[in-house]
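Asks: In order, the protein sequences belong to chains Z and S. If you're matching positions, the first sequence starts at 83 in our numbering and goes up one per residue. If you're matching positions, the second sequence starts at 119 in our numbering and goes up one per residue. The beta carbon of each residue, even a glycine, is placed where N, CA and C say it ideally should be.
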Amino acid sequence: MSEQPDLTTDEQRLATAAGDLLRRSADELDAATLSRLNRARQAAVAGLPPAGARPGWLTPAYSAGAVALLVVGVWLGRTGDPGALPDQTAAQPLVAQDLDVLLAGENLEMMEELEFYAWLDPALSDAELQAELEAAG
Amino acid sequence: MLMFNAEWVLCCPPKERELDETRAMDRFLAEVERRAFRIALVSVRDRDEAVDIVQDAMIRLVRTYGARPSEEWRPLFFRILTNRITDHQRRQAVRRRVLAWFEPAPDGDDDPDPIANLPDPRGLTPDTELARGAAMLALEAALGNLPARQREAFLLRSVEGLDVEDTAAAMGCTAGSVKTHYSRAVHTLRNLLGDHWP
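1. Which of the residues in the segment 97 to 108 of chain Z, read from start to end, lie with their CB under 8 Å from any CB of chain S?
2. For glutamate 278(S) versus arginine 197(S), is the C-beta distance shorter than 9 Å?
3. Which residues, in order along the segment 138 to 151 of chain S, keep a beta-carbon less than 7 Å from a beta-carbon of chain Z?
4. Can you tell me whether DSSP reads glycine 290(S) as helix, strand or coil?
5. Check whether the segment 285 to 295 of chain S touches the segment 257 to 265 of chain S, taking contact to mean three or more Cβ pairs, one atom from each stretch, closer than 8 Å.
6. 9 Å is my cut-off, CB to CB: does leucine 264(S) come that close to chain Z?
7. To the nearest angstrom, how far is it from the Cα of arginine 95(Z) to the Cα of alanine 253(S)?
8. Thinking C-beta only, is alanine 168(S) closer than 9 Å to alanine 158(S)?
9. Enumerate in chain order the residues of its own chain whose CB-to-CB distance from phenylalanine 146(S) is below 6 Å, with the five nearest sequence positions on each side excluded.
10. Which residue comes first and which comes last in the alpha helix (DSSP H) that contains glutamate 270(S)?
11. Could you compute how far the alpha carbon of valine 160(S) sits from the alpha carbon of leucine 152(Z)?
12. Once DSSP output is grouped into helix, strand and coil, what is the label at asparagine 263(S)?
13. Using only alpha-carbon positions, find the residue among His299(S), Thr285(S), Leu274(S) that is nearest to aspartate 102(Z).
14. Helix, strand or coil for phenylalanine 195(S)? Go by DSSP, reduced to three states.
15. Residues in the segment 118 to 129 of chain Z with C-beta within 9 Å of chain S's C-beta atoms, listed in sequence order?
16. Between histidine 206(S) and the rest of its own chain, which residues show a CB-CB distance below 7 Å, the 5 nearest in sequence each way excluded?
17. For aspartate 109(Z), does the three-state DSSP call read helix, strand or coil?
18. Given a cut-off of 9 Å on the beta-carbon distance, is the pair glutamate 270(S) and threonine 200(S) in contact?
19. Where does the unbroken alpha helix (DSSP H) through alanine 168(S) begin, and where does it stop?
20. Which term fits leucine 307(S), buried or exposed, when burial requires 16 or more other beta carbons within 10 angstroms of its beta carbon?
21. Answer with buried or exposed for histidine 299(S), where buried requires no fewer than 16 other C-beta atoms within 10 angstroms of its C-beta.
22. Please look up how many angstroms separate the CB atoms of serine 107(Z) and arginine 156(S), rounded, as I've assumed it's under 8 Å.
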């Protein structure tokens, strides 16, 4: 550290003594503080966030990006642009149908009786089933 | 070290270079972390907050300036550190103002006088006067009473040993301002600590 001419000898001595005292106390930090500093340094060097920090994917930038992707995805799904996404044009209606099946109440009831239909299928032939239905009117 | 030269870049695979840079950053941070903590502690007077501030500064340096030449790390690191300290002090000031709305108006006679609370070296015996503990307490109290910019200039120059130019880079001001802040800080410390310190 270079000396400043506007300081008296006494003031320069004080500045030197104060700096020495503070540096010495820095060299004699307690073990707990040294351990915390060491962990902080390791985390920083590894490029990892500190313990307890918010995950990277929760940062505003990432969240905004995820929302933007979702909006674009929904928009493309609604428009069904065949030129932009040729592979997805066939898949989109299927996804919509699947959603209809899953969300419709009567179909859910059907799924609840799936075991019955699974039993019914091998038990009756097509002709027998037709006869049963006709008899039932 | 982050000393890039053509031969080193050509002969060493990227993995080894990356490892070397990581080691260099680790060595740098290990070298400055204790003094950085001391500077933060003197400024914020809270050990947990001081560690958090140092940690933030380390992470910011690595993420934002890790690819810069290693010669630039020291002023950059202390620039980040002083900014973090300033942010913390601003938040504390706002918090105090907000809390003041919900507290009864203080009686002026009951205000603690920071100068009066300083340990008085002149009233101590020579043995105690020389004790490091008392000297440190007095110094910390006096540093706490300095204006923030004066304290920054003093700590960066006296504790970290930065020269005027690097201190100016760390503080984001001119070299002339650093000299003025530092000079005023030492004058004030001498007045606060008395003629017999340390």
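Replies: Answer, in terms of the structure:
1. Ala97, Thr98, Ala99, Ala100, Gly101, Leu103, Leu104, Arg105, Arg106, Ser107, Ala108
2. no
3. Thr140, Met143, Asp144, Leu147, Ala148, Glu151
4. In the structure shown, glycine 290(S) sits in coil (DSSP, three-state: anything other than H, G, I, E or B).
5. Not touching, per the Cβ criterion.
6. no
7. 15 Å
8. yes
9. Contacts found: Trp191.
10. 266 to 276
11. 48 Å
12. coil
13. Leu274(S)
14. helix
15. Under the 9 Å Cβ criterion, the segment 118 to 129 of chain Z contributes Arg118, Leu119, Asn120, Arg121, Ala122, Arg123, Gln124, Ala125, Ala126, Val127, Ala128, Gly129.
16. Within the same chain, histidine 206(S) has close Cβ partners Val162, Glu167, Ile171.
17. helix
18. Yes, Cβ-Cβ distance for glutamate 270(S) and threonine 200(S) is below 9 Å.
19. 165 to 183
20. buried
21. buried
22. 6 Å
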